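In my numbering, the protein residues as written are 869 to 992. Cβ atoms here follow ideal geometry from the backbone N, Cα and C, with glycine treated the same way. In this text, all values refer to a predicted model and were calculated from it rather than measured experimentally.
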């Protein structure tokens, strides 16, 4: 399949496919006699997997480290569950960090608001 056909079927841009290829995330395409890239239809599933994984917060490095297998299931269920569990722990830690940051911001805002009101009273 040509790059445009693969891109449309997978719901990604042609530039993204070329980027993934340069980064080694997907295997390089075979080249026809005319020099055009010729991708296997099975690449559609892999591209959709990559897009889904990125949507869940996985980096390209993390995706590239996954042991891929052929067919409709790019990753075994056991491996996928382990990867998702680790990513969930990362997200939980990020949420806790963000909540702590939010509390510190709100405390500083309250302190500054109190200072502003105190200065306004003194100025009267």
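- Excluding sequence positions up to five before and after residue 896, its CB lies within less than 6 Å of the CB of 889, all in the same chain and listed in chain order.
- In this structure, residue 914 places its C-beta atom within 8 Å of the C-beta atom of residue 942.
- Annotated as proximal: residue 869 and residue 907, with beta-carbon spacing under 8 Å.
- If you draw a straight line from the Cα of residue 965 to the Cα of residue 954, it comes to about 17 Å.
- As the crow flies, the alpha-carbon of residue 963 is around 22 Å from that of residue 931.
- The residues 874, 894, in chain order, have a CB closer than 7 Å to that of residue 911 in the same chain once the five nearest residues on each side in sequence are set aside.
- Contact check for residue 880 and residue 919: beta-carbon distance about 6 Å, within the 8 Å limit, so the pair qualifies.
- CA-to-CA, the gap between residue 985 and residue 967 works out to about 27 Å.
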